[in-house]
Ligand SMILES: Cc1cc2nc3c(=O)[nH]c(=O)nc-3n(C[C@H](O)[C@H](O)[C@H](O)COP(=O)(O)OP(=O)(O)OC[C@H]3O[C@@H](n4cnc5c(N)ncnc54)[C@H](O)[C@@H]3O)c2cc1C
């Protein structure tokens, strides 16, 4: 038997190692690309978020990559060193899918580092301004984008207002509103619907028309949203709507519920009157209200170029319907997604000649999809890109621009100009209303507790373990009896695997295995099954895995036999072990690797700084040193096969240090002062050592990372063995349940 096992194990092990080294190569290739993406994003400044930001807790991340698959935008997150890191933070629009789907709760979509930001209002959790009681904010003005969030905020504020007013003495003056809502976008309109449902006396003022930002989307734009609950309407269950559908829905709701909406009315400020009521100034006169909800969005007033001719009728600050422009000579100004989408839309219309003017030298804030489409359109000559250009003057049939560093003049024949350079944000207005944007006023973020999915999973598993231990203890007489003597034991009929309680335990273990596998179905992003949160399923996965093992052990009488059932039990044990490695141990190593990566970045920065301070031939030496460090570091980190990498890890240090010493000697011979050479050498060695340490952790992580394959394949083998066990047992064994005649004493 042992010989047979060895014969089988040897080729399997070889196959295993081959597969591992192949997959490791692939992983390193992907990781190198991910790292390059991250560096590129850093260089272009697109690693920073505009609003929300996925913050990854590396102490929890298990590197499953679900967040990357779940994110509808491209390149926001990448896997580096087996953990998720933010690459293009500016592409995050706050869908929050990564946080929702992360099975271990390692991601939170936050506003990033708030300590430096002066564009996020300071608010109570109820969204009331702590400095101006009665003044609430809702929607994108708070810093959180997305329609779903705006809707949630609008609802919450109306509820808070209703709750607050209940505790205040009533105001008899019929001219005083309970609530004045500013802005008729998704946040303001939802707030109005909830206020109507709660019977509040309210009004809505809007400087433009109903619909907010949505009304300004391009024609037939597909709006992605997540299911939301609208007051007095119900659930918006679809994930995609056309812009026109959404605007029509808002209009219908406003009419049906007779919302007191005053459009073309601009909010100008708020102050407290002597009687404590809030006095609201608008372009259409003064309102008095006990509370105010500012649902202003962040677009504010469209930004202007400040050039002659900007007020001509052919100049617009938004494009709603590209199809209504054909055979026109069009200039689009701007470098964001709105400008690029408008230019692309216009370029697709027959007969249009489209130019896109942007003052920057490269588009750094675009969604990946727009970046690709823009490049393709420019290559195909569908539109002209004028990078580094500034509009100087607009006339009825032309536009004058200054292009490039030398300010070369260019005159474009022109029929239409779209200035899509964003809006003047409403922050100054907010501050005048008493809303603080000062980071010093912000409360420190709450400290995150332990991963609850893990704690809950373990708590559930502990309960099963306790019950199993109690059961084993109660029947210890039977379980302590040697296998050969058990048939004579009085409890044999009750506890043997094919009968009574023993059989029930086996059936329960199989059910737990089934429940355990349901996690895989739920986590597959390819299947449209999104029942329950993945975190809850992770809890179930942990608890059912451990529970199934314990019940199967009791089912087998605490002695795994040499049968398909016994082998399935061993499989289950390996599965629980590899699961534990993946869930806990695996997360520890990447943290160490990431820490060394940070150290490496720091040392390399210092080296670059040092050589940047040198002059003439000394600088050339510094640059050679930097380049050499880069090459050595890349050699050990990403390149070569398994053997080469192992050799680099084991003996690379001495070789690299010798190499750097030789380089230093050359530097000295070239006349670089000894202290500069020494300082450079120390940093170069430091950088190499940090890279070496990061690589060692990385290889260890790669090795531990193989648990994932082991975990999966053992799971497949275990399921097959369980099936074989069930089939054999039902065909050949005389199965008798406790309720079968004569089983229970
Ligand atoms: C091009 C683009 C595409 C987008 N695509 C999506 C998407 O697919 N899915 C998604 O979920 N989100 C998307 N968003 C984001 C989404 O549109 C916003 O998050 C959402 O509209 C915010 O709603 P809001 O009510 O807070 O603000 P807004 O919709 O901006 O509404 C604010 C309202 O306040 C009014 N207002 C402002 N100042 C004043 C004043 N002083 N006086 C009176 N009224 C004032 C404005 O005129 C406006 O009507 C997109 C945004 C853009 C720009």
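In our numbering, the protein residues as written are -14 to 730.
Every residue, glycine too, gets a C-beta built ideally from N, C-alpha and C.
- Straight across, the Cα-Cα distance linking residue 540 with residue 482 is about 5 Å.
- At a threshold of 7 Å, residue 41 does not count as near ligand 1, since its beta carbon sits no closer than that to any of the ligand's heavy atoms.
- For residue 84, the enclosing alpha helix (DSSP H) has its first and last residue at 82 to 86.
- Between the beta-carbon of residue 62 and that of residue 52 there is about 6 Å, and that keeps the pair under the 8 Å contact cut.
- The residue from 87, 272, 200 with its alpha-carbon nearest to that of residue 158 is 272.
- Partner residues in the beta bridge of residue 409, as assigned by DSSP, are 286.
- Where residue 707 is concerned, there is no enclosing beta strand (DSSP E), although the alpha helix (DSSP H) around it starts and stops at 692 to 717.
- For residue 176, the three-state secondary structure derived from DSSP is helix.
- The DSSP assignment places 161 to 167, 187 to 190 as complete runs of the beta strand (DSSP E) inside the region 158 to 204, in order along the chain (cut-off: 3 residues).
- Annotation for residue 135 indicates a beta carbon within 7 Å of some heavy atom of ligand 1.
- Fewer than three beta-carbon pairs drawn from the region 386 to 396 and the region 286 to 294 are found closer than 8 Å, and the two stretches are therefore not classed as touching.
- Going by DSSP, residue 495 is part of the alpha helix (DSSP H) stretching over 485 to 508.
- Along the length of the region 612 to 681, whole beta strand (DSSP E) runs at least 3 residues long do not occur.
- Residue 542 carries a coil assignment under DSSP once its states are collapsed to helix, strand and coil.
- Residue 116 counts as exposed, since fewer than 16 other C-beta atoms from the protein chains shown sit within 10 angstroms of its C-beta.
- Under the DSSP assignment, residue 225 falls in the beta strand (DSSP E) whose first and last residues are 225 to 227.
- In the assembly as shown, residue 708 is an exposed residue. Its beta-carbon has fewer than 16 other beta-carbons within 10 Å.
- For residue 281 and residue 610, the gap between their C-alpha atoms comes out near 54 Å.
- Counting only residues of its own chain and dropping the five nearest sequence neighbours on each side, residue 549 has a CB closer than 7 Å to the CB of 706, 709, 710, 713.
- Within 7 Å of the C-beta of residue 309 there is not a single heavy atom belonging to ligand 1.
- Taking a 10 Å sphere around the C-beta of residue 24, we find fewer than 16 other C-beta atoms and assign the residue as exposed.
- Counting only residues of its own chain and dropping the five nearest sequence neighbours on each side, residue 82 has a CB closer than 6 Å to the CB of 55, 56.
- If you check the C-beta of residue 192 against ligand 1, you find a heavy atom less than 7 Å away.
- Proximity of the beta carbon of residue 302 to ligand 1 is not indicated: no heavy atom of the ligand is located closer than 7 Å.
- Burial check for residue 140: the Cβ neighbour count within 10 Å reaches 16 or more, so the residue is buried.
- A direct Cα-Cα distance of roughly 10 Å separates residue 126 from residue 415.
- For ligand 1, no non-hydrogen atom lies closer than 7 Å to the CB of residue 105.
- Contact check for residue 208 against residue 305 fails: the beta carbons are separated by 8 Å or more.
- Under DSSP, no beta-bridge partner is assigned to residue 467.
- Non-local beta-carbon contacts of residue 662 in its own chain, meaning distances under 8 Å to residues more than five positions away in sequence, involve 606, 649, 652, 653 in chain order.
- Taking all protein chains in view, the Cβ of residue 348 is crowded by 16 or more other Cβ atoms within 10 Å, so the residue is classified as buried.
- For residue 612, the closest alpha carbon among the candidates 589, 621, 174 is that of 589.
- Boundaries cannot be given for residue 390, as no beta strand (DSSP E) includes it and DSSP labels it neither H nor E.
- The beta-carbon separation of residue 559 and residue 446, rounded to 17 Å, does not stay under the 8 Å limit for a contact.
- Taking C-beta atoms as the reference points, residue 288 and residue 401 fail to come closer than 8 Å.
- Taking the Cβ of residue 333 as the reference point, every heavy atom of ligand 1 lies at 7 Å or farther away.
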